[in-house]
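Q: Quick one: structure below, then a few questions.
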Amino acid sequence: MPPMRTTFYLAVDDAEIARWRALDPDREPHRLVLGEHYWIVLSYLRLRDAGADVALDNRMPAEGPVLFYAGDKRRAWDACRRAGSRALLVSVRSDRHPVGFADVEVVQNASSADGRHAFHVPHWPQPGLVVRDPGRGDRPRTILYPGTPQNLHPGFRDGAWQDFLAARGLHMRSHAPDGDVPPAYQDLATVDLMLAARPSGARLVRNKPAWKLFNAWLAGVPALLGPESGYRELREGPLDFIEVDGPAAAMAAIDRLLADPALYAAMADNGRRRGEAFSNEATVARWRRLIDEVLLPRAREQQAHPTAAWRRQCRDLGARLRRMVQGKG
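Going by our numbering, the sequence shown opens with residue 2, and the numbers climb by one from there.
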């Protein structure tokens, strides 16, 4: 049986495809901004560098698994139809809605997987991650909010929170741009705690990945996190993270850690251990299993017995109707 290549599809021009193929993600992590950069470009780069038979292309191949970002679904569908391709269409859902016409979906949370149509692969860890400096000891001083201000619980912007920090000699910062200098998302060397708590009732919380959590684990940084399913599904014990639903819970958690350096050290050590399952090497292995055990066998079946376009369109219509019904429920 001749080998079959797995293609990561990106709807950009030839010059941009060439630039992405040449990227060193650990030296230029600031170029990875959008979902498709992580799920399509970075997946290709990591797998290619691990020796997998993969391609990054803006053209639809005649056969094989083709992975595309759910946000690019219309362009992927149009490219497939124009090319008359017999490819297996694999949507990477990320934070988006399910793509009905896709033959397979890759989902970022295990709770969204069913083992038949939707398969779980976790988000890649932060490229170029700089871990916390162990010389900082076991007393928190700097708290990082790894996001944009509008996605932070508003209680962390009021005077009571600022007074709490000042009274304990704590400093809080965020990943905000500094003029023309992009945020150094990858640098956690001087971070002692990670805080990520969205406003109450924030949209998409059920669909968000546990990316912040396992980046904190890998960096040896204890985390205070909001009540999100992506975090909860990874929790195995009390050292994994401290759940906080607002400033009061965060204040209590920080006071515990300030009073108990051994607890801080235990959380950091536990996180480094848990993070091993989300390293680049572990994520490459998950991708390779998915490709070898699911995508390639199904792609060969798709090549031999291609799915009619009308069947895919019917599936897509069904998915949209289900969303409409659920939205009204």
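Positions of the beta carbon are idealized from the N, C-alpha and C atoms, including for glycine.
Using the rule of at least 16 other Cβ atoms within 10 Å of the residue's Cβ for burial, across every protein chain shown, is R117 buried or exposed?
A: Locating residue 117 in the sequence shown gives position 116, where the first residue counts as 1. Exposed is the call here.
Q: DSSP three-state call for M5: helix, strand or coil?
A: Start at 1 with the first residue of the sequence shown, and residue 5 comes out as number 4. In this structure, M5 counts as coil in the three-state DSSP scheme.
Q: Under the rule that 16 or more other beta-carbon atoms within 10 Å means buried, what is A63, buried or exposed?
A: As a working mapping, residue 63 is identified with position 62 in the sequence shown. Looking at its Cβ environment, which holds fewer than 16 other Cβ atoms inside 10 Å, A63 is exposed.
Q: In its own chain, which residues sit with a C-beta less than 6 Å from the C-beta of E234, not counting the 5 before and 5 after it?
A: Counting from one through the sequence shown, the residue named residue 234 turns up at place 233. Within the same chain, E234 has close Cβ partners A111, S112.
Q: Would you call W311 buried or exposed, if buried means 16 or more other Cβ atoms sit within 10 Å of its Cβ?
A: Stepping through the sequence shown from its first residue, residue 311 is reached at position 310. Flag for W311 reads exposed.
Q: Is there a Cβ from chain D that is less than 9 Å from the Cβ of L145?
A: Any reference to chain D falls outside this structure, which holds one protein chain only.
Q: Work out the CA separation of V42 and D50 for me, nearest whole Å.
A: Against the sequence shown, residue 50 aligns to sequence position 49. Against the sequence shown, residue 42 aligns to sequence position 41. Within the model, the alpha-carbon separation for D50 versus V42 is close to 12 Å.
Q: What alpha helix (DSSP H) runs, 4 residues minimum, are completely inside the region 154-240?
A: 160-168, 212-220, 230-233
Q: How close, in whole Å, do the beta carbons of A197 and G238 come, if the pair is a contact with beta carbons under 8 Å?
A: As a position in the sequence shown, residue 197 is number 196, starting the count at 1. As a position in the sequence shown, residue 238 is number 237, starting the count at 1. Contact flag wrong, Cβ pair sits at about 19 Å.
Q: CB-CB under 8 Å to L291, same chain, minus the five flanking residues each way: which ones, in chain order?
A: The residue given as residue 291 occupies position 290 in the sequence shown. Cβ neighbours of L291 beyond the five flanking positions: V107, F120, V122.
Q: Which one or two residues does DSSP pair with E37 in a beta bridge?
A: The residue labelled residue 37 in the question sits at position 36 within the sequence shown. In DSSP, E37 forms no bridge with anything.
Q: I need the boundaries of the alpha helix (DSSP H) containing P248, first residue and last residue.
A: Residue mapping note: residue 248 aligns to position 247 of the sequence shown, counting from 1. From DSSP, the alpha helix (DSSP H) with P248 extends over 248-260.
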